[in-house]
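Numbering (the numbering used here), first residue to last: 1 to 707.
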């Protein structure tokens, strides 16, 4: 490595050819940065003093067949060099003198000599920016008409236009601004061939150069390769991934979920702690994954690209025409867009990989999707977790052990969860639909999805109105006018108003030319509007003579029973001896267990009947000891137990009623702790074990109480 200081004009001299490597992010300087650069140049005019522009880091390559030219691969400085050349071109277009124009053209913009590169731009941006940059550089005079809408949306175009406008508004002429450009000084650092540009690049990033996690992954994969191979793989794979997903945010989200699929877990060990894989630690986790895989760079990129094509199938927006989607795509739309199941693509990518390999047919895939849709919607209604990244990782881990995946085995896998990860049973789902303030729980969008889904299987005779034109209507209005107040007083139902206002029975769908001025009118007037509706369950309201809490509850029960047919759960997985509301975890409020006894404990899906709280603690200790006896012995040395009490010992004689775990370890089977103390001891032991091991064992424990 060697370094030096010179003017930017000398640095970009006629014998230098600058190239932005494929592993760099696209040009993205904001106008605030361009404004600062322009202001710095104006200060030079006013103060007549040089200005330090910053450091440029590059790797020098000699151009084959042309010994007089060098190619500079820019590792740090692409934003500044691109902006300065855009400014130079804006100055060129603003000048009138032909000699001045020619001078700035060949000093900063194009090469004047060299058979192979004469009149070519001195800078070659990334593939993403290349076309618009060269188009701006090739036009002698700027004309907005020559650029289409997509070109005008690029940062290159916007910043060039910004510099053009700043020059036209400036108190100094373009010629005067150009005169002081030689006073811009830089420090250059040339990396020799023997040095690792990737390490230098990461070091620069850690000291302030902002790159996304996906930028770093791309660089990590490509920078170790020779430049020609970098370009080949970038164009073949990474550029196609960016085109597919269309934003760095989507690329990053995809990469997080891709890694969960591949690792079959969202768990990451950091030091002594166990954390979740996220956008923040994506790069470090990816490096570890790649190092441990048996793939080379191209194999890895090819696999990422393949999964990106799957992932793209799960991305929708408001402009997508639902009617034009295939049967399979409609299910993706329902799950990922209408239900906003953000982590469902983790499972979907895994399933699509198997589907693509002909492990099962489309009909089976649709049935899998119906199960996921049912889990997601029931969880939203009941306030359960649904498909989290942790749940998705566990599902994939279980699915991967099934050789011949069918509907029954998928249902068995998707219903494995306990506690807040459980698949809500019919009775709980029905009860929540009937009694919950569903409009507040799942919001207007969720209610619209619910009611529209009910309409799709109704006895309607008319064509269903478009989903996009549909709105939610409160039958008993959210704001009571005097007529409604008098009506409810007459029916002696005023006290029930707030309780039932936002429940399912009081909600219906409206579309088309509904007169919303009628929405606060009395029930008889509203019925005349409902009778015009093409929605079956809205039209059906004409049959009701009154509208009070009684009718609301009757209608809610009817709709809830129909909902069970749409978001279904097979009977064999619906029956359970365990009441969902009676399932507790080590994160529960321990104070509520005073005077209770446990009935069952589940540890990593191994269930056991127990009779007492000391048996509860004993089972946990035995399990932790079996998992890793050295770590368990390490964590019990900490002050986890009240003074004067012994729960474990290496000698039998030290305990009142010892139970032998192995030849050198015993646990106590008799003590007088309260339930709250036992649970606190248990929680600390498990959390310490997780912290040392980097596991998430606590999440695998739940228990129930005796009735």
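The beta carbon of each residue, even a glycine, is placed where N, CA and C say it ideally should be.
Note that the coordinates shown come from a computational prediction; the quantities given were computed from them, not determined experimentally.
8 Å Cβ cutoff, residue i in contact with chain C
i	result
residue 364	Although the question refers to chain C, the structure presented lacks it and comprises just one protein chain.
Span of the alpha helix (DSSP H) around residue i
i	result
residue 345	344-356
residue 678	675-693
residue 5	Per DSSP, residue 5 belongs to no alpha helix (DSSP H); it is in the beta strand (DSSP E), 2-7.
residue 411	407-414
residue 303	297-312
residue 363	362-382
residue 428	426-435
residue 394	389-399
residue 622	613-627
residue 94	78-94
residue 325	First-last for residue 325: undefined, no H or E at that position.
residue 503	Run containing residue 503: none; DSSP gives neither H nor E here.
Contacting residues, own chain, Cβ-Cβ under 7 Å from residue i (five flanking each side not counted)
i	result
residue 248	212, 214
residue 60	70, 72, 190
residue 578	Unreliable positioning characterises residue 578 in this predicted model, as indicated by a pLDDT of 46, which lies under 50. A coordinate reading is not provided.
residue 693	628, 631
residue 105	92
residue 415	423, 573
residue 241	251, 304, 305, 308
residue 328	362, 365, 366
residue 418	583, 602, 702
residue 374	567, 568, 569
Enclosing beta strand (DSSP E) for residue i [first to last residue]
i	result
residue 22	From DSSP, residue 22 is part of no beta strand (DSSP E); its letter is neither H nor E.
residue 567	Element bounds for residue 567: n/a, residue is neither H nor E.
residue 27	It is not in any beta strand (DSSP E) - residue 27 carries neither H nor E in the DSSP assignment.
residue 702	701-705
residue 109	Looking at the DSSP string, residue 109 is not in any beta strand (DSSP E), and its letter there is neither H nor E.
residue 444	Not the beta strand (DSSP E): residue 444 falls in the alpha helix (DSSP H), residues 443-456.
residue 606	606-609
residue 602	598-603
6 Å Cβ shell around residue i - same chain, five flanking residues per side excluded
i	result
residue 151	132, 157
residue 394	none
residue 700	604
residue 643	Any reading at residue 643 needs caution, since the residue's pLDDT is 49, under 50, leaving its predicted position unreliable; the model's value is listed next. If we look at residue 643 and ignore the five residues flanking it on each side, it has no Cβ neighbours.
residue 207	Any reading at residue 207 must be qualified, since the residue scores a pLDDT of 40, below 50, and its modelled position is unreliable; the value itself is stated next. The answer is none, since no qualifying residue turns up.
residue 124	19
residue 649	655, 666
Distance between beta carbons of residue j and residue i, contact taken as under 8 Å
i	j	result
residue 111	residue 122	6 Å
residue 730	residue 155	For residue 730 there is no data in the structure shown, the boundaries of the chain being 1 and 707.
residue 187	residue 372	Not quite, the Cβ-Cβ distance comes to about 56 Å (not below 8 Å), so this is no contact.
residue 617	residue 538	With a Cβ gap of about 57 Å, residue 617 and residue 538 do not count as contacting.
residue 261	residue 387	Incorrect: roughly 13 Å between the Cβ atoms, too far for contact.
residue 185	residue 53	6 Å
residue 462	residue 534	4 Å
residue 709	residue 38	In the structure as shown, the chain begins at 1 and stops at 707. Residue 709 is therefore absent and cannot be evaluated.
residue 594	residue 675	6 Å
residue 160	residue 145	Contact doesn't hold; Cβ gap of about 15 Å is too wide.
residue 330	residue 322	7 Å
Residue(s) in a DSSP beta bridge with residue i
i	result
residue 188	4, 56
residue 73	19, 59
residue 667	648, 659
residue 708	Since the first and last residues shown for the chain are 1 and 707, residue 708 lies out of range.
residue 511	470
residue 741	Since the first residue of the chain shown is 1 and the last is 707, residue 741 is not available in this structure.
residue 12	Paired residues: none, contrary to the question.
residue 121	110
8 Å Cβ shell around residue i - same chain, five flanking residues per side excluded
i	result
residue 690	274, 696, 697, 698
residue 511	465, 466, 469, 470, 471, 533, 534, 535
residue 11	56, 186, 188
residue 775	This structure cannot settle anything about residue 775, because the visible part of the chain is limited to 1 through 707.
| task | Count the C-beta pairs between the stretch 500-515 and the stretch 448-460 that are closer than 8 Å, then say yes if the count reaches three, no if not. | result | yes
| field | Contact the stretch 522-529 vs the stretch 541-561: 3+ CB pairs below 8 Å | value | yes
| request: Decide yes or no for the touch test of the stretch 563-573 against the stretch 489-497: beta carbon pairs closer than 8 Å, at least 3 of them. | output: no
| task | Check whether the stretch 298-313 touches the stretch 341-358, counting contact only when three or more Cβ pairs, one atom from each stretch, lie closer than 8 Å. | result | yes
| said: Three or more C-beta pairs under 8 Å: does that hold for the stretch 250-259 against the stretch 274-290? | reply: yes
| task | Assess, as a yes-or-no matter, whether the stretch 373-384 is touched by the stretch 431-446 under the definition of 3 or more beta carbon pairs within less than 8 Å. | result | yes
| request: State whether the stretch 408-415 contacts the stretch 357-372, with contact taken as three or more CB pairs (one from each stretch) at a distance under 8 Å. | output: yes
| task | Indicate whether the contact test is met: 3 or more Cβ pairs, each with one atom in the stretch 220-240 and one in the stretch 649-657, closer than 8 Å. | result | no
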